[in-house]
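Peer 1: Sequential numbering of the sequence shown, starting at 1, is according to the UniProt record's numbering.
Input: one structure, supplied below.
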Amino acid sequence: MELPFTVLSGPADQPVAIDWQAVESWLGMGLPSDYKTLAGACGPLDIGEFIWLHVPCVQEGRFDYGDWLKERHRLCRSWSRSVPPYTPPPFHPEPGGLLAWGTTRQAGYLFWDTSASSDPDQWPVVAYDSDAANAGMNPWQSEGLPLVEMLDATIRTSQLPPTARRTAFLPDVGPWTPPPPPEPVAPSRQAALTEGEGLDALRRLVPPPTTPYLGDDSWERLFDRLGTRLPAEYVTLLETYGSGSWRSWLNFVTPLRDSDASRSKGYRGLADFVEQMLDIYRELRAEYPEFQPLAVWPEPGGFLPFADSIDGDVFGWLTLGDPDDWPVIIYPRQEDQGPPLPEGLVDTLLAWLRGRPVSTVFERLDEADDPLEYATFEPWNADSYL
């Protein structure tokens with residue numbers, strides 16, 4: 001196979017062990033021969049300083065081929081729905097679905113159209129263009145060429161350097177093993193999607209960890225530092241689950257870390273989180289009061305934060321009256337300030353994990369997503385950042 005680029009010396013000289021029989025069995029289809037030759041010989045590549053070719057490999061904490069495929073398909077399907085009338089195409093594992101193989105430095109995503117031919121070597125490349133989607137145009141463009149021919153045309157027409165090297169953020173990849181089939185869903189979890197209320201239903205939907213981690217301090221000392229007790233609902237939720245991340249999006253800070261202890265990273269407990277978040281809010285409010293309209297604790301009715309999202313949204317209470325009556329409110333990163341949420345913390349969390357609309361701020365499931373798959377909690381421990 002003649003390549004339209006030169007593979008520069010370095011880690012890409014070292015082949016990556018790929019069990020193609022296992023990979024193709026897991027996918028339920030064969031893959032293009034030019035892709036298999038290139039991936040097996042070079043591993044993940046940065047081609048023309050523009051295209052990242054992803055291959056079946058793994059690097060702990062950075063890349064897992066199976067997870068990457070699934071998330072790329074999910075994201076592009078979901079993003080396509082925001083650009084009507086350009087409805088999303090089918091994605092693997094749907095019959096004839098698009099199958100991802102790469103990304104670009106312009107936030108583009110590259111796929112094969114597996115519906116085009118029974119011969120994988122004839123699959124044309126299809127590109128998802130994020131800039132077109134943001135402009136309200138059709139984000140899907142068929143390149144009409146198989147992989148290596150498409151790379152050749154792109155390098156020539158875009159005047160890219162005809163070189164490739166090992167992807168810089170994946171220098172130490174290892175063999176990827178397909179995951180085992182998912183275990184059957186417990187009937188109690190399935191029922192909890194629609195049945196029950198409150199913490200009992202949440203526990204059945206998302207079983208809590210056996211050893212929740214709160215930190216080594218006490219609630220009483222935390223309340224003293226904050227100058228107030230906290231809602232019993234929050235305390236019970238944290239004692240049940242500990243600190244951690246819900247659906248890999250909503251992060252509950254470890255509340256009882258000793259704030260006097262020295263830490264080189266992360267927050268020293270909830271009191272430290274509150275102090276840092278409110279310092280930032282006060283600074284922004286002083287400069288842009290129209291976008292930061294909330295009072296902040298300990299001002300009367302002030303905002304008291306307890307969690308944040310990976311998108312930078314901050315969750316907290318409005319400290320109005322008795323702590324058990326405090327409404328939950330979100331200080332959003334990307335939107336104007338909205339009103340308090342209509343339900344309490346646990347009911348809001350339960351509705352969100354069930355896939356119901358709660359607030360435009362919350363990360364939403366795509367209509368093709370299975371809510372049970374995303375009803376998750378990742379517990380933290382003493383070494384966790386938050």
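C-beta: ideal position from N, C-alpha, C; glycine also.
Counting along the chain, where does the alpha helix (DSSP H) carrying residue 427 start and finish?
Peer 2: Given a span of 1 to 386 for the chain in the structure shown, any question on residue 427 remains unanswerable.
Peer 1: Would you mind reading off the limits of the alpha helix (DSSP H) that contains Ala22?
Peer 2: Trp20 to Leu27
Peer 1: Just to confirm my understanding: we take Leu69, look at its own chain, exclude 5 residues before and 5 after, and list those with CB closer than 7 angstroms. What are they?
Peer 2: Ala100
Peer 1: Report, in whole angstroms, the separation of the C-beta atoms of Thr348 and Val361, which I expect to be a contact under 8 angstroms.
Peer 2: The pair is not a contact, with the Cβ atoms about 11 angstroms apart (cut-off 8 angstroms).
Peer 1: By alpha-carbon positions, which one of Leu284, Gly144, Trp249 and Cys42 ends up nearest to Thr6?
Peer 2: It is Cys42 whose Cα lies nearest to the Cα of Thr6.
Peer 1: Secondary structure at Trp352, three-state DSSP: helix, strand or coil?
Peer 2: The three-state reading of DSSP puts Trp352 in helix, counting H, G and I together.
Peer 1: Return the bridge partner residues of Trp140 from the DSSP annotation.
Peer 2: Tyr128
Peer 1: Reducing DSSP to helix, strand and coil, say where Trp123 ends up.
Peer 2: coil
Peer 1: Extract the residue ranges of the alpha helix (DSSP H) inside the UniProt domain "Knr4/Smi1-like" (209 to 355), only unbroken runs of 4 or more that lie entirely within it.
Peer 2: 219 to 226, 232 to 241, 270 to 287 and 345 to 353
Peer 1: Specify, as a first and last residue, the run of the beta strand (DSSP E) that Gly102 falls within.
Peer 2: Leu98 to Thr104
Peer 1: Got a sec? Which residues, its chain only, sit under 7 angstroms from Asp308 by beta carbon, not counting five neighbours each side?
Peer 2: Asn251, Val314 and Phe315
Peer 1: Per the contact definition of three or more C-beta pairs closer than 8 angstroms, is the segment 150 to 160 in contact with the segment 328 to 342?
Peer 2: no
Peer 1: Pick out whichever of Gly108, Leu320 and Pro120 has its Cα sitting closest to the Cα of Ser33.
Peer 2: Pro120
Peer 1: Since Thr240 and Gly215 should fall inside the 8 angstroms C-beta cutoff, what is the C-beta to C-beta distance between them, to a whole number of angstroms?
Peer 2: With a Cβ gap of about 15 angstroms, Thr240 and Gly215 do not count as contacting.
Peer 1: Can you have a look at Tyr267 and say buried or exposed, based on whether 16 or more other CB atoms are within 10 angstroms of its CB?
Peer 2: buried
Peer 1: Kindly give me the distance between the Cβ atoms of Ser248 and Thr103, rounded to whole angstroms, as I take these residues to be in contact under 8 angstroms.
Peer 2: The pair is not a contact, with the Cβ atoms about 20 angstroms apart (cut-off 8 angstroms).
Peer 1: Can you look up Pro379 in the DSSP assignment and give me helix, strand or coil?
Peer 2: strand
Peer 1: For Ala295, does the count of other Cβ atoms within 10 angstroms reach 16, so buried, or fall short, so exposed?
Peer 2: exposed
Peer 1: Would you mind sorting Met277 into buried or exposed? The rule is 16 or more other CB atoms within 10 Å of its CB.
Peer 2: buried
Peer 1: So, with DSSP's three-state summary, where would you put Asp46?
Peer 2: strand
Peer 1: Can you give me the Cβ contacts of Ala351 inside the same chain, cut-off strictly under 6 angstroms, excluding the 5 residues immediately before and after it?
Peer 2: Val358
Peer 1: Just to check my reading of the structure: Trp79 and Ala133 have Cβ atoms closer than 8 angstroms, yes? What is that Cβ distance to the nearest angstrom?
Peer 2: 6 angstroms
Peer 1: Under a Cβ-count criterion, where at least 16 other Cβ atoms within 10 Å of its own Cβ denotes burial, should Pro382 be classed as buried or exposed?
Peer 2: Per the sequence presented here, residue 382 reads as Ala, with Pro not at that position. The residue in question, Ala382, is exposed, as its Cβ has fewer than 16 Cβ neighbours within 10 Å.
Peer 1: Candidates Asp46, Tyr86 and Asp172: which alpha carbon is nearest Gln59's?
Peer 2: Asp172
Peer 1: Reducing DSSP to helix, strand and coil, say where Ser196 ends up.
Peer 2: Reading off the sequence shown, one finds Gly at residue 196, where the question assumed Ser. The answer is coil: DSSP assigns Gly196 none of H, G, I, E or B.
Peer 1: Per DSSP, which residues does Arg166 bridge with? Please list them.
Peer 2: Leu45
Peer 1: For the alpha helix (DSSP H) containing Tyr385, name the first residue and the last one.
Peer 2: Segment: none, Tyr385 is in no alpha helix (DSSP H) and carries neither H nor E.
Peer 1: Quick check on Ala168: buried or exposed, where buried means 16 or more other Cβ atoms within 10 Å of its Cβ?
Peer 2: exposed
Peer 1: Using the C-alpha atoms, what's the distance from Arg203 back to Pro212?
Peer 2: If you take the alpha carbons of Pro212 and Arg203, they lie about 13 angstroms apart.
Peer 1: Alpha carbon to alpha carbon, how far is Arg123 from Gln190?
Peer 2: In the sequence on display, residue 123 carries Trp and not Arg. Rounded to whole angstroms, Trp123 to Gln190 spans 38 angstroms at the Cα level.
Peer 1: Taking C-alpha atoms, which residue in Asp325, Leu170 and Met29 lies nearest to Ser118?
Peer 2: Met29
Peer 1: Does Ala351 come within less than 8 angstroms of chain D when only Cβ atoms are used?
Peer 2: Here chain D cannot be found, since the structure has a single protein chain.
Peer 1: Please go through the same chain and pick out, in chain order, the residues whose beta-carbon is closer than 8 angstroms to the beta-carbon of Leu8, but skip the five residues on each side of it.
Peer 2: Thr163, Ala164 and Arg165
Peer 1: By the 10 Å Cβ neighbour count, where 16 or more other Cβ atoms means buried, how is Val23 classified, buried or exposed?
Peer 2: Buried.
Peer 1: Following the continuous beta strand (DSSP E) through Tyr109, name the residue where it begins and the one where it ends.
Peer 2: Tyr109 to Asp113
Peer 1: Could you give the distance in angstroms between the alpha-carbon of Thr194 and the alpha-carbon of Leu353?
Peer 2: 11 angstroms
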